[in-house]
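Residue numbers (the UniProt record's numbering), protein chains in the order written: chain A, 1 to 390; chain B, 1 to 218.
Shown next as C-alpha cells:
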C-alpha cells in the first residue's frame, strides 16, 4: 500500500559561513524522515522539501513563503540563527504553521507556533557559569564572540551571573559574523592575560580564532593555561580544525557523541550508515533528528498534520533520545534536556565530566534560574544513578 | 542569577477589562515569567489597585473610558492594551498616564519587554516628580544659607551641590536635612563643602562668582 505523502520543509543554510552546521542539522532531520518512511509504524511518508537560504535572511523569507504557499507545507524544520527564525516567524504564525527549531538559542521567546528542541540558556550557559563559579573563583572572564543577538545575550547572562560571584567579565570583544581576523584580539588577550576565556564565535570565525590562538600559544605559552569555554564547539568542528586547536576546551551541551547510552550508539551507527562512516553527528544533528522524530510520532498519534492536534500529541510524547529522555514542556514549547559539560581530550573526543542528574525543565526567560542554582553543581561521578525527571 | 530589574518574577499584575483572547495570552506569558495575574471586569478601589505592582488596562474598553474610572492617580506602572489607534483612545490612554503599551491582539510574546519599559519609565517619572517636589526645599535652604552664612546665591547652591556629592544624596535630600536641623547649617559644619572643588568646577571656596556650568543640574 502506498503511503500518503506529507510535505515537510527543511530550511537550513547548507552554504555560507555556518554551512557546516546547517548540513549536520539537515542530515539529522533527513534521517528522522527516512526512518519514519521505512517504518510500518507510520502510515504516511514525510517528504522533505529542502531549501538552502545560504545564511541570507531574505532567502529564508523567500523560501519559507514558497514552502507554505506553493508547496502547502504545514511543518518546517529549520533555522540556526535567531535572526533567521525571527525573519520567518511572522509568516509561520500568520499561516498557522509550526516551526521545529533545533538550534540552541538565547531564550526570551516562546511562540505558540514554534517548538524549541535546542537548549534554552538555563540548560546551556547557566551550567557552564556554575562550573566557572566553582572552579575559577576570583578569575575574570574574557568574552570573544560573533556580533549578533546570541552572543550579546549570552554575554549579558554571563555578566549578570558572574556579578559578585567571581572576578566578573574583564572584556567583551565582538566581531562581525564571518570575520576571520583576530590578531588584534589575540594581542589584547596577551596583554590582559585573562584566566578564563568564553568563546561565543560561530562558524568560520570560530575556526579562525582557534587557529590564531594555537599559533599565538607558541610564542605565549601562558595561553595554554587559560581555561577556554565554548557553548557551541562540536565533534565535526573538532575534526575540521584539528584537536590541537581546541584541546582542553570546556564545552556545555546537551549531547556529545561520547554519551554511553544504547540509544546513542544506535543513533551513531544509523547516522554513519546513512551519511558515511566519516560523518560526524553533533548536538545540532541530534536536535534536528529529534525534531523530525517528534514530528513523525505526533502526526501518527494525532492522525493529522493539523498544527494544534500535532502540538497536543507532542506534549504527551516522550522520546528515549540519544542524550536521554526528552519531552516538550507545554508551558513554553521548549524541550526538557539533560545539560552536560565535557572537555576536549587529547584524542579529540568531547568527554563528559559533569551531567545534570536528569532532564532539566526549560526556562527560556530565566525566570526560575535560582531554583537550579540551589540544586547545586555536582560532578557526574557523584550524581551517577540519580535521575530526576520532571 | 543576580537580582536584576529585568527579572519580573513574583510581580503582581492586575489586568482590567481584557478580552478573553488577550486574557488567555497574558495568562500564558505571565505564567512563563513567574507572575500570577488577576483579571477584573469591574474597577477595584484605589487601595486595591495600589496593592498591585503593575496595571494592565484595555484602552478600547468602553467601561473604563467613563470619567469615574480615572486611574491616572494610581501611582503604578500602567500598560495600555491598544487596539484602536483612534486619537480619542490614544488621548484617553495618555490621560491615564500609561507608561507603556502593547498592541492588540496580544499574542505569544511582547509582555516581558513591555513590562520592562513600563517599570523603568514609571521609576523615572516617580524620581522626576520627587525631585520636582523637593525643588522648593532647595530654594529655602539656599535662602537660609545666604542669610546665616553671609554667602551669595551662587555659593549657597555650590555648597548644597558639594554636600550632596560628598554624601551621595540628592540636592533635594540634603536641603530638607539642612532645613530640619539648624545645627547642620553652621559654617564649621559646612566649611569643607564650601571649599570643596568639584571636578570641572574651576573654583574653590565661597567667594567665587557664578557657577554657571553646573547650575543646569538643578
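Idealized CB from N, CA, C, for every residue including glycine.
Keep in mind the model is a prediction, meaning the values are calculated, not measured.
Contact under 9 Å by Cβ, residue i with residue j
i	j	result
residue 80 of chain A	residue 284 of chain A	yes
residue 100 of chain B	residue 121 of chain B	yes
residue 254 of chain A	residue 122 of chain A	no
residue 368 of chain A	residue 131 of chain A	no
residue 322 of chain A	residue 264 of chain A	yes
residue 79 of chain B	residue 54 of chain B	yes
residue 74 of chain A	residue 114 of chain A	no
residue 141 of chain A	residue 178 of chain A	no
residue 271 of chain A	residue 258 of chain A	no
residue 137 of chain B	residue 176 of chain B	yes
residue 391 of chain A	residue 68 of chain A	Examination of residue 391 of chain A is not possible in this model, given that chain A is present from 1 through 390 alone.
residue 194 of chain B	residue 141 of chain B	no
residue 250 of chain A	residue 205 of chain A	no
residue 110 of chain B	residue 172 of chain B	no
residue 343 of chain A	residue 248 of chain A	yes
residue 246 of chain A	residue 227 of chain A	no
residue 274 of chain A	residue 31 of chain A	yes
residue 190 of chain B	residue 116 of chain B	no
residue 192 of chain B	residue 166 of chain B	yes
residue 394 of chain A	residue 26 of chain A	Since the first and last residues shown for chain A are 1 and 390, residue 394 of chain A lies out of range.
residue 105 of chain A	residue 152 of chain A	no
residue 238 of chain A	residue 348 of chain A	yes
Contacts around residue i, its chain only, beta-carbon distance under 7 Å, and the 5 residues preceding and following it disregarded
i	result
residue 202 of chain A	18, 146 and 232
residue 11 of chain B	35, 53 and 54
residue 390 of chain A	Bear in mind that a pLDDT of 34 at residue 390 of chain A, under 50, signals an unreliable position, so the model cannot answer this.
residue 27 of chain B	37
residue 391 of chain A	Lying outside 1 to 390, the shown extent of chain A, residue 391 of chain A is not represented and no answer is given.
residue 6 of chain A	44, 45, 46, 47, 299 and 305
residue 345 of chain A	351
residue 20 of chain B	none
residue 234 of chain A	282, 283 and 284
Proximal residues to residue i (C-beta, below 6 Å), its chain only, five neighbours per side dropped
i	result
residue 364 of chain A	107, 110, 120, 332 and 334
residue 252 of chain A	124, 127, 128, 231 and 341
residue 155 of chain A	143 and 172
residue 51 of chain A	11 and 63
residue 356 of chain A	338 and 339
residue 149 of chain B	187
residue 382 of chain A	Confidence at residue 382 of chain A is low in this model, with a pLDDT of 31, below 50, so its placement is unreliable and no value can be given for it.
residue 20 of chain A	none
residue 3 of chain A	44 and 45
residue 99 of chain A	76, 92 and 114
residue 40 of chain B	16
residue 161 of chain A	129
residue 216 of chain B	Legend: pLDDT at residue 216 of chain B = 32, less than 50; position of this residue unreliable, value from coordinates given subsequently. Once the five neighbours on either side are set aside, residue 216 of chain B has no close Cβ partner at all.
residue 200 of chain A	145, 151 and 154
Chain-order list of residues whose beta-carbon lies under 8 Å from that of residue i (same chain, five-residue window excluded)
i	result
residue 82 of chain B	59, 60, 89, 90, 93, 101, 102, 103 and 104
residue 112 of chain B	8, 29 and 33
residue 158 of chain A	125, 129, 141, 143, 169 and 198
residue 240 of chain A	20 and 207
residue 329 of chain A	335, 336, 361 and 362
residue 170 of chain B	131, 134 and 164
residue 192 of chain A	142, 170 and 171
residue 126 of chain B	75
Pairs of beta-carbons, one from the region 289-305 of chain A and one from the region 32-41 of chain A, closer than 8 Å: are there three or more? yes
For a minimum of 3 consecutive residues, which ranges assigned as the beta strand (DSSP E) are wholly contained in the region 39-80 of chain B? 54-58
Contact list for the region 320-345 of chain A against chain B, Cβ threshold 8 Å: 331 and 332
According to a CB-to-CB cut-off of less than 8 Å, which residues of the region 90-112 of chain A neighbour chain B? Result list: 93, 108, 109, 110, 111 and 112.
If we require 4 or more residues per run, which alpha helix (DSSP H) segments fall completely within the region 58-144 of chain A? 82-94 and 121-135
The region 309-323 of chain A in contact with the region 52-63 of chain A per 3-pair CB rule at 8 Å: Put simply, the region 309-323 of chain A does not touch the region 52-63 of chain A. Fewer than three CB pairs are less than 8 Å apart.
Looking at chain B, which residues of the region 147-160 of chain A have a Cβ within less than 7 Å of any of its Cβ atoms? 160
Inspect the CB distances between the region 306-313 of chain A and the region 206-215 of chain A and report whether three or more fall short of 8 Å. no
Return the residues of the region 31-54 of chain B that lie within a Cβ-Cβ distance of less than 8 Å from chain A, sorted by chain order. Residues of the region 31-54 of chain B with a Cβ closer than 8 Å to any Cβ of chain A, in chain order: 31, 32, 33 and 34.
Between the region 108-128 of chain B and chain A, which residues of the former have a C-beta closer than 9 Å to a C-beta of the latter? When C-beta distances to chain A are compared with 9 Å, the residues of the region 108-128 of chain B below that value are 108, 109, 112 and 113, in chain order.
What residues in the region 353-373 of chain A have a beta carbon less than 8 Å from any beta carbon of chain B? 364, 365, 366, 367, 368, 369, 370 and 373
Could you pull out every unbroken alpha helix (DSSP H) segment of at least 4 residues lying fully inside the region 282-321 of chain A, listed in chain order? Counting only runs of 4 or more, we get 283-302 and 307-316.
Could you tell me which uninterrupted beta strand (DSSP E) segments, each at least 3 residues in length, are contained entirely in the region 250-286 of chain A, listed from first to last along the chain? 250-253
Which complete alpha helix (DSSP H) runs does the region 74-144 of chain B hold, if anything under 4 residues is left out? 87-95
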